[in-house]
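**Student:** At position 50 of the sequence shown (counting the first as 1) the number is 30 in my numbering, and the numbers step up by one without a gap.
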Amino acid sequence: MPELPDVEIFKRYIESTSLHKRIIGVHILSRDMVKGASVSEIKKLLDGERFETTARHGKNLFIQTGGQSWIMLHFGMTGFVKYFKNEDERPAHVRLLIDFSNGFYLAYDCQRKFGMISLTESPERFAREKKLGLDALDPALDFEQFEKILSKTNSTIKTVLMNQNFLAGLGNVYSDEILYQAGIRPARKSGELDREEKKQIFFKMGHVLRKAIEARADPERFPSSFLTPYRSAGKPCPKCEGSIEKKKIGGRTSYFCPRCQG
Ligand SMILES: [Zn+2]
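#1: Can you tell me which of F206, A162, R201, F55 puts its alpha carbon nearest to the alpha carbon of E176?
#2: Where does the unbroken beta strand (DSSP E) through M(-19) begin, and where does it stop?
#3: To the nearest angstrom, how far is the alpha carbon of T208 from that of G47?
#4: Can you say whether K15 is buried or exposed, counting buried as having 16 or more other CB atoms within 10 angstroms of its CB?
#5: Going by beta carbon distance, what residues of the same chain come within less than 7 Å of S49, once the five residues before and after it are set aside?
#6: Among the residues of its own chain, which have a CB less than 8 Å from the CB of A213, if the five just before and after it don't count?
#7: Does ligand 1 have a heavy atom nearer than 6 Å to the CB of C240?
#8: With DSSP collapsed to three states, give me the class of A107.
#9: Kindly provide the ranges of any alpha helix (DSSP H) runs that are 4 or more residues long and lie completely inside the stretch 72 to 145, ordered along the chain.
#10: At the level of alpha carbons, what is the spacing between M142 and L159?
#11: Does A72 pass the burial test, meaning 16 or more other C-beta atoms within 10 Å, or should it be called exposed?
#12: May I have the straight-line CA-CA distance separating K111 from G95, to the nearest angstrom?
#13: Quick check on L(-1): buried or exposed, where buried means 16 or more other Cβ atoms within 10 Å of its Cβ?
#14: With burial defined as no fewer than 16 other Cβ atoms inside 10 Å of the residue's Cβ, what is the status of G83: buried or exposed?
#15: Roughly how many angstroms lie between the CA atoms of L150 and H37, to the nearest whole one?
#16: With G186 as the anchor, note down where its alpha helix (DSSP H) starts and where it stops.
#17: Using 10 angstroms around the beta-carbon of V(-13), count the other beta-carbons present and answer buried if the total reaches 16, otherwise exposed.
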C-alpha cells in the first residue's frame, strides 16, 4: 500500500515525465473513483492544459495545471502512475488516462479501487477539509509538536502513528519500520512512553522516511538494518538474527523483533 515515501516517488516521477506537456485527451475509465468532483469538471480542468506543479500531503498527490484547481490522486492499496508510449506498456487497471501531444500517456492505475480521484482548490484546503495532520516530513513538525500529538490519545503507538488526522503519511509498513528502528514495540501505549522513547520515535521517523525515499521506496534498496524486507513471521531480525514476530494491532498485521524492541 503506497505510503508517504511511495507517493513522494510518484510525485517525482510525474515531475520528471509529465510536466509542461500539452494535454490533448482525458479519459476517466472508472467514474466510481471520482469523489467530490464531477467527471466533466476534471476533463474541463485538464483538457488543453499542461501540468505545471506537483505537491504532496501525506499519502495524497496533487497536480496543478495553469488553472485554479488541483487534481488529487490517492493510491489506496494498489495505486501507481505510469508514463508510457506504446499500448503494450499500458498497465492493466487504468482508471485515469491522460494523452499528451508528444504521443505519450500518463496512466493512474488502481486495481482494487481503494484510491480516489478528486479536485481541490489547493492542497492546504484539501488537508483542512479532510482534517489531515501535518505531513510526517513537514519541516514545521518539531519534537514538541510531535509530543503534543502523542499526548492526545493513549492508543497503541502504532495506531497513533497511522492515524492520518494526527500525522499524515504513515501506514502499516512504515509505522512498523519506524518503531523497529526506535526499538519500541508497536503495541506499547503512547501514554506510557517516556520522553527519550518519544524522541527516538520522532528522530527515527524522519530517518526512515528519508532513507526510504533515497531508496526510491524499493525495499530491495533499503539499508541492511531495515525490517521491511523481512516482514514475515519467523524470518531473522536483521539486527540480532532472532525471529521476527507478527501480531494484529488495531486490526493491522504488525511485525516486530521481541528482542530488539522493548
Ligand atoms: Zn532483533
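C-beta atoms are modelled at their ideal positions from N, C-alpha and C, and glycine is treated no differently. This structure is a prediction, so every number in the text was calculated from the model and none was measured.
**Tutor:** According to the structure data:
#1: For the purposes of this step, residue 176 is identified with residue 196 of the sequence shown, where counting begins at 1. Closest option to E176, Cα to Cα, is A162.
#2: Within the sequence shown, residue -19 is the residue found at index 1, counting from 1. Taken as a continuous stretch (DSSP letters only), M(-19) belongs to no beta strand (DSSP E), as it is neither H nor E.
#3: Locating residue 208 in the sequence shown gives position 228, where the first residue counts as 1. Locating residue 47 in the sequence shown gives position 67, where the first residue counts as 1. Taking the straight line joining both Cα atoms gives about 40 Å.
#4: Residue mapping note: residue 15 aligns to position 35 of the sequence shown, counting from 1. Exposed is the call here.
#5: Position 69 of the sequence shown, counting from 1, holds the residue named residue 49. Result list for S49: L25, L99, T100, E101, in chain order.
#6: By 1-based counting over the sequence shown, the position of residue 213 is 233. Closer than 8 Å at the Cβ level, and outside the excluded window around A213, lie S223, I224, E225, K226, Y235.
#7: Locating residue 240 in the sequence shown gives position 260, where the first residue counts as 1. Result yes, Cβ under 6 Å from ligand 1.
#8: Stepping through the sequence shown from its first residue, residue 107 is reached at position 127. A107: helix per DSSP, three-state reduction.
#9: 103 to 109, 123 to 131, 137 to 142
#10: Residue 142 sits at position 162 when you count from the first residue of the sequence shown. Residue 159 sits at position 179 when you count from the first residue of the sequence shown. Approximately 12 Å, taken between the alpha carbons.
#11: Residue 72 sits at position 92 when you count from the first residue of the sequence shown. With fewer than 16 other Cβ atoms within 10 Å, it is exposed.
#12: In the sequence shown, counting from the first residue as 1, residue 111 sits at position 131. In the sequence shown, counting from the first residue as 1, residue 95 sits at position 115. C-alpha separation (whole angstroms): 18 Å.
#13: As a working mapping, residue -1 is identified with position 19 in the sequence shown. Exposed, because fewer than 16 other Cβ atoms sit within 10 Å of the Cβ of L(-1).
#14: Sequence index remark: in the sequence shown, residue 83 carries index 103 (1-based). Exposed, since its Cβ has fewer than 16 Cβ neighbours within 10 Å.
#15: Translated into the one-based positions of the sequence shown, residue 150 becomes position 170. Translated into the one-based positions of the sequence shown, residue 37 becomes position 57. Rounded to whole angstroms, L150 to H37 spans 11 Å at the Cα level.
#16: Position 206 of the sequence shown, counting from 1, holds the residue named residue 186. Counting along the chain, the alpha helix (DSSP H) containing G186 begins and ends at 175 to 194.
#17: The residue labelled residue -13 in the question sits at position 7 within the sequence shown. The residue is buried, with at least 16 neighbouring Cβ atoms inside 10 Å.
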